[in-house]
Amino acid sequence: MAADPLSLLTLNVNGMRDSRKRSRIFQFCRSLGVDFVFLQETHIVNEDDVHTWSFEWGGGLHAPFGSSTSCGSVILVSPRWTPLVGKVDSDHEGRLVCITIKHPCGNLFLCNVYAPNRPSDRRDFFMTLPSFVPGSAPCILAGGFNCVPDTQLDRMTSCTSSGCSVGMTELDMFTKNHDMVDVWRVQHPGSSVLTWHRPDGTDASRLDRVYSPLALSPSDCEVVACSISDHDAVTVSFQPPDSWPARRGFWKMNTDILMEDDYCTQFKARYGGWRTLKPAFSTGLEWWDDIKSRIKQFTVEY
């Protein structure tokens, strides 16, 4: 028997404290018939909002709180899937919320993110993702990333700033470690469809994306026009396998080896050489990623 399929939508709503706008957003989401809705910039602020909005939605609602003018990431869950929600985790700024789904095939993590606009903050934000998403189960990561993978295909602007790609190195490292791909790009190679447009037409980008393992068989990933926001929605369907494929475990060093003088002497000599390689890398983070692989190889061989 095939595992239960599931579908999701991600949309930056640019605020929905106004009850009339919120009603239109919920109606728009229901019309697409998805199981999970990832919303960013809802401006949800407290538990009273949670109770009111979940009642209006008619299903589950999970969110960290932002302010009345910013942040507030929300995951809406359809009534069919609401009883299967397990652990809920979130940050303290209203930018990230992760839920665990007790899927018949095993646990599945759904993570909704709204990355900062400021490049340095965005880089730091992506570096925190591993603390919220363990490596033991498949993860679907979606939301507003405020940076683009390909400045040629995923952006249209008269500005020459390179800030739109800051954070992609850190995000790519995370998605690679979790076997995730940019679903829309995999299904639409070479296409240029943008999800956010500045009202004056001077700037547009594909900021809204869905990442998932190919093992979840993502399909029908589309960009859906939404007149209620300055962002368009992204939808995708999944047909999970009968059981999750085993993922490679993380290597852990036996720290007892650090008590061996010979190991420490050899390591210091090797590390001195590795430090000279730093200018060959575009960022310190890329250099450190390479160093970690070298440390593992050296330790295993020792």
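So the sequence shown is numbered by the UniProt record's numbering: it starts at 1 and just counts up by one. We put the beta carbon where it would ideally sit given N, CA and C, even for glycine.
Extent of the continuous alpha helix (DSSP H) run through residue i
{"i": "M180", "result": "Run containing M180: none in the alpha helix (DSSP H); it sits in the beta strand (DSSP E), M180 to D182."}
{"i": "A225", "result": "Where A225 is concerned, there is no enclosing alpha helix (DSSP H), given that its DSSP letter is neither H nor E."}
{"i": "K21", "result": "S19 to S31"}
{"i": "S237", "result": "Taken as a continuous stretch (DSSP letters only), S237 belongs to no alpha helix (DSSP H), being part of the beta strand (DSSP E) at A233 to F238."}
{"i": "Q40", "result": "Note, Q40: premise wrong, no alpha helix (DSSP H); beta strand (DSSP E) at F36 to Q40."}
{"i": "F267", "result": "D261 to R275"}
{"i": "D49", "result": "E47 to W57"}
Own chain, CB closer than 8 Å to residue i, minus 5 neighbours either side, in chain order
{"i": "R80", "result": "D35"}
{"i": "I228", "result": "V13, K21, R24, I25 and F28"}
{"i": "K278", "result": "G284 and W287"}
{"i": "R294", "result": "R270 and W274"}
{"i": "N46", "result": "F65"}
{"i": "H92", "result": "P64"}
{"i": "C226", "result": "L11, F28, D232 and A233"}
For residue j and residue i, the rounded distance between their alpha carbons
{"i": "M1", "j": "M173", "result": "Low per-residue confidence applies at M1: pLDDT is 38, beneath 50, and the placement is therefore not dependable, though the value from the model is reported in the following sentence. Straight-line Cα distance between these residues: approximately 35 Å."}
{"i": "E286", "j": "S217", "result": "30 Å"}
{"i": "L8", "j": "D121", "result": "27 Å"}
{"i": "S67", "j": "A142", "result": "21 Å"}
{"i": "F281", "j": "A137", "result": "32 Å"}
{"i": "C147", "j": "F55", "result": "34 Å"}
{"i": "F38", "j": "T276", "result": "44 Å"}
{"i": "D262", "j": "K296", "result": "17 Å"}
{"i": "G69", "j": "H43", "result": "Rather than Gly, the amino acid found at residue 69 in this sequence is Thr. If you take the alpha carbons of T69 and H43, they lie about 6 Å apart."}
{"i": "F298", "j": "F28", "result": "55 Å"}
{"i": "K176", "j": "V210", "result": "14 Å"}
{"i": "R155", "j": "P199", "result": "15 Å"}
{"i": "G58", "j": "G94", "result": "22 Å"}
{"i": "T157", "j": "G163", "result": "12 Å"}
{"i": "M253", "j": "D203", "result": "47 Å"}
CB contact below 8 Å: residue i versus chain C
{"i": "D261", "result": "No chain C appears in this structure, which consists of one protein chain only."}
Contacts around residue i, its chain only, beta-carbon distance under 7 Å, and the 5 residues preceding and following it disregarded
{"i": "E170", "result": "R123, F126, M127 and L285"}
Cβ shell of residue i (< 6 Å), same chain only, five flanking positions each side left out
{"i": "D230", "result": "N14"}
{"i": "W53", "result": "L61"}
{"i": "P213", "result": "P138, D179 and M180"}
{"i": "I140", "result": "L110 and S212"}
{"i": "Q40", "result": "N12, S73, Y114, G143 and G144"}
Where the beta strand (DSSP E) through residue i begins and ends
{"i": "S7", "result": "L6 to N12"}
{"i": "G60", "result": "G60 to H62"}
{"i": "L285", "result": "Segment G284 to E301 is the alpha helix (DSSP H) holding L285; no beta strand (DSSP E) there."}
The ligand NAD heavy atom lying under 7 Å from the CB of residue i
{"i": "A63", "result": "The model depicted lacks the ligand NAD and carries no ligand whatsoever."}
| request: Indicate whether the contact test is met: 3 or more Cβ pairs, each with one atom in the region 21-38 and one in the region 122-133, closer than 8 Å. | output: no
| request: Determine contact between the region 77-93 and the region 218-226, defined as no fewer than three beta-carbon pairs at a distance below 8 Å. | output: no
| said: Restricting to runs no shorter than 3 residues, where is the beta strand (DSSP E) found entirely within the region 154-218? | reply: 155-157, 180-182, 203-205 and 208-213
| message | At 4 residues or longer, what runs of the alpha helix (DSSP H) sit wholly inside the region 65-142? | response | 119-127
| Stretch-stretch touch, CB-based, cutoff 8 Å, three pairs: the region 70-79 with the region 200-208 | no
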